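Residues in the sequence shown are numbered consecutively from 295, following the working numbering. All C-beta atoms in this analysis are idealised placements derived from N, C-alpha and C, irrespective of residue type, glycine included. Please read these numbers as outputs of a predicted model, since none were measured by experiment.
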Amino acid sequence: KKFGLDSSMCNGAELNLVDGFIHEEFEGVLHQRYNEMIPRVAKAGYQNLICFSGNRRGLTQEAGLKQAVKALQPLVKIAEEHGVVLQMELFNSTVDHPDYMADSSQWGIKLAKELNSPSFKLLYDIYHMQIMEGNLIENIQENHQFYGHYHVAGVPGRNEPWHNQEINYPAVMQAIDRTGFTGYVALEYVFTEPIKESMKTSYNEYIK
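Written out as structure tokens, the structure is:
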């Protein structure tokens, strides 16, 4: 804080990526952990706290959605009281996170509509959603009100978002900007170049 730095996304309340809000057996421990973490995030002067759906393990999308709504509703109310936003990350389930439930924007949007709160948003990971859906710009333009944070990486490989991968990041960034988004777009990729030079090039030539 004293150096003017912010934490764009806080974590530490989640169990892991696979045991999440779609399973009733984890509801109690998740409530305990998020009840403790939400006030801590607010007290530290931050806003965003990540969460995950978890893996299906045979659950239908409808059953997972119903349980996620039930488990998240009381936490969203607490988040509202503290000015904190719970952000559920969307992953791909074909390459990196097999069996993950929140692997489509439409499932996440259904959840966000059910919760109907400014304290619940989707973390739209552009890398993951390119793999699962494509059609990035239209999706962002039509559904931006449900997205509270963006992650960036190149496809394939999850490396630098440069010209040697398939996403046209300058165009995607322009689309995000046109929605009036004022939050964070975070670089989350595996470096193939020295970190400092890689981040500078990514920001200045592809993301800025």
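What do you get for LYS415, buried or exposed, if any count of 16 or more other CB atoms within 10 angstroms of its CB means buried? buried
Can you say whether HIS317 is buried or exposed, counting buried as having 16 or more other CB atoms within 10 angstroms of its CB? buried
How far does the alpha helix (DSSP H) with MET493 in it reach, from first residue to last? 489 to 495
Locate the alpha helix (DSSP H) running through GLY402, then write down its first and last residues. 399 to 409
Per DSSP, which one or two residues make a beta bridge with PHE440? DSSP lists no partner for PHE440.
Give me the Cα-Cα distance between TYR478 and LYS407, rounded to the nearest whole angstrom. 22 Å
Whole angstroms is fine: what's the gap from SER399's alpha carbon to GLY314's? 17 Å
I'd like to check one pair, TYR463 with VAL446: are the Cβ atoms closer than 8 Å? yes
Buried versus exposed call for GLY402 [16 or more other C-beta atoms within 10 Å across all chains shown]: buried
Give a yes or no on whether the C-beta atoms belonging to LEU343 and LEU380 are separated by under 8 Å. yes
Please report the distance separating the alpha-carbon of HIS443 from that of GLY358. 23 Å
Under 8 Å Cβ to Cβ from MET467, same chain only, skipping five residues before and after it: list those, please. VAL479, TYR500, ILE501, LYS502
Relative to the C-alpha of SER436, which residue among ARG452, ILE470, ASN410 is closest? Correcting the residue type first, residue 436 is Glu in the shown sequence and not Ser. Looking at the Cα atoms, ILE470 is the closest of the given residues.
Distance check for TYR497 and LYS490, CA to CA, integer angstroms please. 11 Å
If the criterion is Cβ atoms closer than 8 Å, does the pair ALA336 and GLY377 meet it? yes
CA nearest to the CA of TRP456, picked from LEU481, LYS360, PHE440: LEU481
Backbone CA spacing between PRO368 and MET395 [nearest angstrom]: 21 Å
Within a Cβ cutoff of 7 Å, which residues of the same chain sit near VAL389, ignoring the five residues on either side of it in sequence? ILE425
Under 8 Å between the Cβ atoms of LEU366 and LEU409? yes
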